[in-house]
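Numbering of the sequence shown is given in the working numbering, commencing with residue 1034 and proceeding in unit increments.
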Amino acid sequence: MKNQINLIYQALKNADISVLNTNNKILLNDLATKILETDDNKMTPDDLEILDLLIRISNIVYNNVNNDSLLPISDGIYDLLMVKTERLIPNYQVGSDSVYFGDQCKGIQNIIEDPITRIPEFDDYLYKDNIMKQYEFCNNDFIISPIYRSEPIKRRVVNIPHKYPNLVGTLDKCKFVLNSQARKLGVFDDPNVRIFERDFIHKCLEKGVIKPDEKFYMVAELKYDGISVEAEVSNRVISARSRGDANADVATDFTPILKGYMFPRALGNVPSDNIFGMKFEAILTKQNLDRVGFLEGKNYANCRNAMTGIVTGTNGNKYRDYITLVPLATSLDVDRLTEIEFLNKYYTSGVMLKYAVLYGDYKEILFQVKQFTEEAQALREYLPFMYDGVVISFIDDEKIKALGRENSVNKYSMAIKFNPLVQEATFLDYSYTVGQNGVITPMIHYTPVEFYGTIHTKSTGHSYYRFKQLGLRFGDKINVTYTNDVMPYVSKPDIEFNRKQAEISDPVEFPKLCPCCGTELIFSEKSARC
């Protein structure tokens, strides 16, 4: 099995996307589920190698393919695998191999449904700033016509070092703010599920970084959903690189795309020879997503997919000025709040680093983090850019130094990722149950998805009537929607992949005989009964 997974990994490194067929995806997901269900002390050396390969395969696809349909493992399952990896493999920090897949992904489309959200009331007294704060000099967007350069980008240099390695890395991530939220859903004792209260705040209490009755400051920021960029800047971008593999200090050169990207507010305020490092998240606003999609003739599923398409393509320099660089951090030796104000004042291109200052003892901080997270999630539909969580960090220099940085991870921060309400999966097969009244209920089996720390691999198909409505074929893409604490709901999106499936295969047939006793079933329009 390990050899087969390694063959998939090597094929992807050689830019062969065809290995991500349905059978191989099923294999990868089966192995991911097996690994997550295996106790840490029962993991074999082969299991650890498979775990490492699953992470590496996922990173290649996530960072180099502009289509979520091709992701071999869902984002939630990947997060659980990553937690297990960090626990079992010392000093583990893997970036992404840089691979150019060319036009292999053309024509494959997928859809993502946004959850319905509401806006809760704000308690403004909690924060110095809330996430809707705007500076009067910020434009709605940095929109100009794209600069069409005469030459396409040649294959970019991959193996280049970072210039500011301390700006490169990732964050520890969790799925819940409070212990009580995880307990309510029955995942508190799952070692692969992280919780901000237990795995960040309580550990800081145990280490003496904070005291039970101490009041302290933290900063809460949005976690923008784009491409991480480490850059050298003055009043414009001088050079730029991907996050790449932080430990190996290997990155992809983004300079051919981003060189010359201007910061209008820095002009006249920051001299051209004042050069320092800056970390950005390169994003597309929802408005610019439409423009790039129109010019490219593509229907991107979301802004992150389109951003990946720009930085991995050979014509990305045409769309430089549709990219929004959200400034996140610098190499300057200043306190965090001063740094954020400096970034927002001089280095925004239409989207600020939105943040809130939190203050109180650890219990008050937990309440404020929970409220900030809920408000941020509720506002996702209404803000003109994508973000997939929040980041909570200490501000005090002594606390930052005490927690430090390990394996390119800042231990004084933690990201809280939003729990998605809709996930894409691959339909595998049906099974059938017989109720006390003799009614046959189909069960839909699919590749694993994760909601709120729990892995789901099947849902009820409700009835014979619903079975006919879905018309599922083996390998169809389905949407799995979180509707309650027990069983997610399955629907089939009208996408090109499923339409092609319909041309080459027939829907699964409902059994004619009872799966329990073998008696011939009695059918009506709505139900099948023994």
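By construction, the Cβ of each residue, glycine as well, lies at the ideal position given by its N, Cα and C atoms. Because the structure is a prediction, the values reported are computed rather than measured.
What's the C-alpha gap between Cys-1563 and Pro-1548?
On the sequence shown, residue 1563 is found 530 positions in, with the first residue counted as 1. On the sequence shown, residue 1548 is found 515 positions in, with the first residue counted as 1. Taking the straight line joining both Cα atoms gives about 9 Å.
Drop a sphere of 10 angstroms on the beta-carbon of Gly-1349, count the other beta-carbons inside from all chains shown, and report buried for 16 or more, exposed for fewer.
Within the sequence shown, the letter at position 316 stands for residue 1349. Buried, because 16 or more other Cβ atoms sit within 10 Å of the Cβ of Gly-1349.
Is the stretch 1308-1315 touching the stretch 1259-1266, taking contact as three or more C-beta pairs under 8 Å?
The stretch 1308-1315 vs the stretch 1259-1266: in contact.
Give the straight-line distance between the Cα atoms of Lys-1434 and Lys-1075, rounded to the nearest whole angstrom.
For this step, residue 1434 is matched to residue 401 along the sequence shown. For this step, residue 1075 is matched to residue 42 along the sequence shown. Whole-angstrom Cα-Cα distance: 36 Å.
Given a cut-off of 8 Å, decide if Leu-1317 and Val-1423 are closer than it, judged by their beta-carbon atoms.
To locate residue 1423, count along the sequence shown from 1; it is residue 390. To locate residue 1317, count along the sequence shown from 1; it is residue 284. No. Outside cutoff.
DSSP state of Lys-1248, grouped into three classes?
Translated into positions along the sequence shown, residue 1248 becomes position 215. It is coil, neither helix nor strand.
Compare the beta carbon distance of Leu-1084 and Tyr-1095 with 8 Å and say whether it is the shorter of the two.
Your numbering for residue 1084 matches position 51 in the sequence shown. Your numbering for residue 1095 matches position 62 in the sequence shown. Not closer than 8 Å, so no.
Starting from His-1495 and walking both ways along the beta strand (DSSP E), at which residues does that stretch end?
By one-based count along the sequence shown, residue 1495 stands at place 462. Counting along the chain, His-1495 falls outside any beta strand (DSSP E), and DSSP gives it neither H nor E.
Leaving out five residues before and five after Met-1034 in sequence, what residues of the same chain have Cβ atoms less than 6 Å from its Cβ?
Along the sequence shown, one-based indexing puts residue 1034 at 1. None.
Can you tell which of Asp-1073, Ser-1051, Asp-1080 and Tyr-1333 has its C-alpha closest to the C-alpha of Asp-1063?
By 1-based counting over the sequence shown, the position of residue 1063 is 30. It is Asp-1080.
Run through the stretch 1331-1400 for me and flag every whole alpha helix (DSSP H) of 4 or more residues, listed as ranges in chain order.
The stretch 1331-1400 contains these whole alpha helix (DSSP H) runs: 1336-1345 and 1369-1379.
Give every residue of the same chain whose Cβ lies closer than 8 Å to the Cβ of Val-1541, excluding the five residues on either side of it in the sequence, and list them in chain order.
Position 508 of the sequence shown, counted from the start, is the residue given in the question as residue 1541. Only Asp-1462, Tyr-1463, Leu-1505, Arg-1506 and Phe-1507 meet the Cβ criterion.
In terms of alpha-carbon separation, which member of Asn-1443, Thr-1381 and Glu-1230 lies closest to Leu-1204?
The residue labelled residue 1204 in the question sits at position 171 within the sequence shown. The shortest C-alpha separation from Leu-1204 is found at Asn-1443.
Does DSSP put Met-1311 in a helix, a strand or coil?
One-based indexing of the sequence shown puts residue 1311 at position 278. Strand, per DSSP.
DSSP on Met-1076, reduced to helix/strand/coil?
Here residue 1076 refers to the residue found at position 43 of the sequence shown. The answer is coil: DSSP assigns Met-1076 none of H, G, I, E or B.
Kindly list the residues whose CB is nearer than 6 Å to the CB of Ser-1524, restricted to its own chain and excluding five residues on each side of it in sequence; keep chain order.
In the sequence shown, counting from the first residue as 1, residue 1524 sits at position 491. Counting only Cβ-Cβ distances below 6 Å, and skipping sequence neighbours, we find Asn-1512.
Mark Arg-1276 as exposed unless 16 or more other C-beta atoms lie within 10 angstroms of its C-beta, in which case mark it buried.
By 1-based counting over the sequence shown, the position of residue 1276 is 243. With 16 or more Cβ atoms within 10 Å of its Cβ, Arg-1276 is classed as buried.
Rounded to the nearest angstrom, what separates Phe-1451 and Gln-1410 at their Cα positions?
Along the sequence shown, one-based indexing puts residue 1451 at 418. Along the sequence shown, one-based indexing puts residue 1410 at 377. For Phe-1451 and Gln-1410, the distance between alpha carbons rounds to 7 Å.
Below 8 Å on the Cβ atoms is my guess for Thr-1466 versus Met-1476; work out the distance and round it to an integer in Å.
Within the sequence shown, residue 1466 is the residue found at index 433, counting from 1. Within the sequence shown, residue 1476 is the residue found at index 443, counting from 1. About 6 Å; that satisfies the 8 Å criterion.
Among residues of its own chain, excluding the 5 on either side of Asn-1036, which ones have a beta-carbon nearer than 8 Å to its beta-carbon?
Against the sequence shown, residue 1036 aligns to sequence position 3. So no residue of the chain qualifies.
Can you tell which of Val-1402, Tyr-1515, Lys-1510 and Gly-1346 has the C-alpha that lies nearest to the C-alpha of Ile-1528?
Here residue 1528 is taken as the residue at index 495 of the sequence shown, counted from 1. Among Val-1402, Tyr-1515, Lys-1510 and Gly-1346, the Cα nearest to that of Ile-1528 is on Lys-1510.
Distance, Cα to Cα, Gly-1551 vs Asn-1225?
As a working mapping, residue 1551 is identified with position 518 in the sequence shown. As a working mapping, residue 1225 is identified with position 192 in the sequence shown. One C-alpha to the other measures close to 42 Å.
Leaving out the 5 sequence neighbours to the left and right, which residues in its chain are closer than 7 Å to Tyr-1042 when beta-carbon positions are compared?
Taking the sequence shown and counting its residues from 1, one reaches residue 1042 at position 9. Leu-1086, Arg-1089 and Ile-1090.
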